[in-house]
Amino acid sequence: MKMPKGPNPRAAFDRDLRALQDDLLALGSMVEKAIVTAVEALRDRDLEASRRVVREDDAIDRKRFSLEERVIDMIAIQQPVASDLRTLITALHISVELERIGDYAEGIGKISLMMGDQPPIKPLVDIPRMAEKSVAMLRESLDALVKRDVDLAAQVCNADDEIDQLYDQVYRELLLIMLGDPQKIERATFLLWAAHDLERIGDRATNIAEQVIYLVTGKKTELKVGKY
Amino acid sequence: MTTQTQADTETDIALQARGLQVHYGEFRALKDIDIDIQRNRITALIGPSGCGKSTMLRCFNRMNDLIGGARISGQVTFNGAEIYDPSVDPTEVRSRIGMVFQKPNPFPKSIYDNVAFGLKINGFKGNMDEAVEKALRGAALWDEVKDRLKSSGMALSGGQQQRLCIARALAVEPEVILMDEPASALDPISTLAIEGLMLELCSSYTIVVVTHNMQQAARVSHRTAFFNMDSDRAGFLVEEGPTDEIFTNPRDPRTEAYITGRFG
Numbered sequence: 040m041k042m043p044k045g046p047n048p049r050a051a052f053d054r055d056l057r058a059l060q061d062d063l064l065a066l067g068s069m070v071e072k073a074i075v076t077a078v079e080a081l082r083d084r085d086l087e088a089s090r091r092v093v094r095e096d097d098a099i100d101r102k103r104f105s106l107e108e109r110v111i112d113m114i115a116i117q118q119p120v121a122s123d124l125r126t127l128i129t130a131l132h133i134s135v136e137l138e139r140i141g142d143y144a145e146g147i148g149k150i151s152l153m154m155g156d157q158p159p160i161k162p163l164v165d166i167p168r169m170a171e172k173s174v175a176m177l178r179e180s181l182d183a184l185v186k187r188d189v190d191l192a193a194q195v196c197n198a199d200d201e202i203d204q205l206y207d208q209v210y211r212e213l214l215l216i217m218l219g220d221p222q223k224i225e226r227a228t229f230l231l232w233a234a235h236d237l238e239r240i241g242d243r244a245t246n247i248a249e250q251v252i253y254l255v256t257g258k259k260t261e262l263k264v265g266k267y
Numbered sequence: 007m008t009t010q011t012q013a014d015t016e017t018d019i020a021l022q023a024r025g026l027q028v029h030y031g032e033f034r035a036l037k038d039i040d041i042d043i044q045r046n047r048i049t050a051l052i053g054p055s056g057c058g059k060s061t062m063l064r065c066f067n068r069m070n071d072l073i074g075g076a077r078i079s080g081q082v083t084f085n086g087a088e089i090y091d092p093s094v095d096p097t098e099v100r101s102r103i104g105m106v107f108q109k110p111n112p113f114p115k116s117i118y119d120n121v122a123f124g125l126k127i128n129g130f131k132g133n134m135d136e137a138v139e140k141a142l143r144g145a146a147l148w149d150e151v152k153d154r155l156k157s158s159g160m161a162l163s164g165g166q167q168q169r170l171c172i173a174r175a176l177a178v179e180p181e182v183i184l185m186d187e188p189a190s191a192l193d194p195i196s197t198l199a200i201e202g203l204m205l206e207l208c209s210s211y212t213i214v215v216v217t218h219n220m221q222q223a224a225r226v227s228h229r230t231a232f233f234n235m236d237s238d239r240a241g242f243l244v245e246e247g248p249t250d251e252i253f254t255n256p257r258d259p260r261t262e263a264y265i266t267g268r269f270g
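Protein chains in written order, with the working numbering: chain Z, 40 to 267; chain Y, 7 to 270.
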């Protein structure tokens, strides 16, 4: 095959594609920080930190829109095909997934604010554990993106089962608390919402992993039909 | 999409090449080509300059016979019949498999005579006015020229001249139209007009188009064949498949490298 003797004719486009991925990863870090802060603030009853999470979601939204605009510009200008096209479509999907995960973190921040200074019904153990696992899934899915690693992407959904199990556990525990003391129904419901948000983050990370598989193979795959 | 039986699929092949090789003197321009051209579909031949895609196109209607030193081996069949069989008249082949060239090349004659030319040569006995109108309508040119059929074909715009050449090809009622970069000399609007026309025509004709414009191949064709050149500069077919698959997820990394512009 005739190979280029001169410089890569697509050098500028390749540079833009790399910069786009870097920005996608930066959005991933913002979202990860939001989840961690939101759950720590919920556990520690740190309302100032919760307010910060809610406020900073605007930056996540703006970042997503700017990523989307760049992808649209690159599609219009570069008219990408094959793996270039898949890279851009994947970036578009992943930016939406990340922004949505950011919304879940914001949701947990708002739940914390709604709880206000009501006394906690129990020390939080499983919810922070769910947060840890969902953050790990998010990281793995983005790691799979960087490495273009289909096997790693396929593994992401395994952790989702653990999150789902924890969610079931939290649900049962909170139900018992509510049955035992109707005074605690409102506060228990708040925690149930938070747990549900974390469960959804796992599903969104699975979506990201599916996008990575599409990027590499060109095939649309459903890694796992979630229980929820 | 209707489900087709295997037998139906086989009869839907208009042109077929097997083990096709083309030499120009000592130089081997094409080697080991196996390709099926589906009926009533537009097949685009893409690939870098010198990969033999125009040579491939010319093999389909024995246009290479006109090039001194050209030598063809292997098989090319049209509706199942070998077109290089000694008993076959190449003129007959070319009337059933027409060609449109890169640069519009109307004859220095009237619009009417340009279209009627092939029919007259073939000793057409029917109603010439009707045949000319039908061909011009087929090429989406009638409304623009119906009031000046006697003016020179050379006076038309580039895009109109190319449609006149398409009308000239249609007049003899071919089954296949071969197009060698039919829009590369045209402005973007005329290019889109030609592409729209191709899509109209493919319900009645089989079209094979050579194009350097990959977006054009993506827009206009149903199937895409990617040709490349080996180290001995002989052209060969890398892969052929549905256009949407070639442009979203090609099987061969060489196709990927070419269509994404990573080598030229």
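Using N, Cα and C, we set each Cβ at its ideal position, and we do this for glycine too.
It is roughly 7 Å from the alpha-carbon of Y/N85 to the alpha-carbon of Y/I19. If you draw a straight line from the Cα of Z/K161 to the Cα of Z/A192, it comes to about 36 Å. Nearest Cα to Z/R168 within the set Z/I140, Z/V209, Z/R91 and Z/A58: Z/V209. In the DSSP secondary-structure assignment, Y/H29 is bridged to Y/R34 and Y/R77. At least 7 Å separates the CB of Y/F232 from every CB of chain Z. Bounds of any beta strand (DSSP E) do not take in Y/P96; it lies within the alpha helix (DSSP H) bounded by P96 to R102. Contacts with chain Y at 7 Å (Cβ-Cβ) include Z/G257. According to the DSSP assignment, Y/L184 belongs to the beta strand (DSSP E) that extends over V182 to D186. For Y/R239, no Cβ of chain Z is located within less than 7 Å of the residue's own Cβ. Within chain Y, the C-beta atoms nearer than 8 Å to that of Z/N47 come from R268, in chain order. Judged by DSSP in its simplified three-state form, Y/S163 adopts coil rather than helix or strand. Inter-residue distance for Z/L127 and Y/E251 is about 17 Å (C-alpha atoms, whole angstroms). In the structure shown, Y/R229 adopts extended strand secondary structure according to DSSP, grouped into three states. Residue pairing of Z/A115 in beta bridges, as defined by DSSP: absent, with no partner found. Within its own chain, the residues whose Cβ lies closer than 8 Å to the Cβ of Y/A189, once the five positions on either side in sequence are excluded, are Q168, S196, T197, I200, E201, T217, N219 and Q222, listed in chain order. The Cβ-Cβ distance between Z/L106 and Z/D62 falls below 7 Å. Contacts between Y/E262 and chain Z, judged by CB atoms closer than 8 Å, involve A121 and S122 in chain order. Y/R24 is bridged by DSSP to Y/Q81. In this structure, Y/A145 places its C-beta atom within 7 Å of the C-beta atom of Y/A173. DSSP links Y/V216 through a beta bridge to Y/L51 and Y/D186. Y/E88 is the residue among Y/I73, Y/G74 and Y/E88 whose C-alpha sits nearest the C-alpha of Y/G80. Residue pairing by DSSP places Y/S116 opposite Y/S158 in a beta bridge. Secondary structure at Y/N111: coil, using DSSP grouped into helix, strand and coil. Less than 7 Å separates the beta-carbon of Y/L51 from that of Y/A231. Under the rule that a run must span 4 or more residues, the alpha helix (DSSP H) segments found entirely inside the region 172-260 of chain Z read 189-219 and 224-256. Membership of Y/V244 in the beta strand (DSSP E) is indicated by the continuous run G241 to P248. For the 7 Å CB-CB criterion, Y/G159 and Y/I117 form a contact. Y/F253 belongs to the set of residues whose beta carbon lies under 7 Å from a beta carbon in chain Z.
Identification of residues in the region 56-75 of chain Z having a C-beta nearer than 9 Å to some C-beta of chain Y yields an empty set. Rounded to the nearest angstrom, the Cβ distance from Y/P114 to Y/G164 is 16 Å, too far for a contact under 8 Å. Across the region 30-54 of chain Y, CB contacts with chain Z closer than 8 Å involve P54, in sequence order along the chain.
The three-state reading of DSSP puts Z/A50 in helix, counting H, G and I together. Closest in alpha carbon position to Y/N67, among Y/G104, Y/V28 and Y/G31, is Y/G104.
Taking the beta carbon of Y/A224 as reference, the chain Z residues within 8 Å of it are V120, listed in sequence order. Short of 7 Å from the beta carbon of Z/V92, and not among the five residues preceding or following it, lie these beta carbons of its own chain, in chain order: A73, T76, A77, A80, A144, E145 and G148. Boundaries of the alpha helix (DSSP H) harbouring Z/S151: A121 to M154, taken from the DSSP string.
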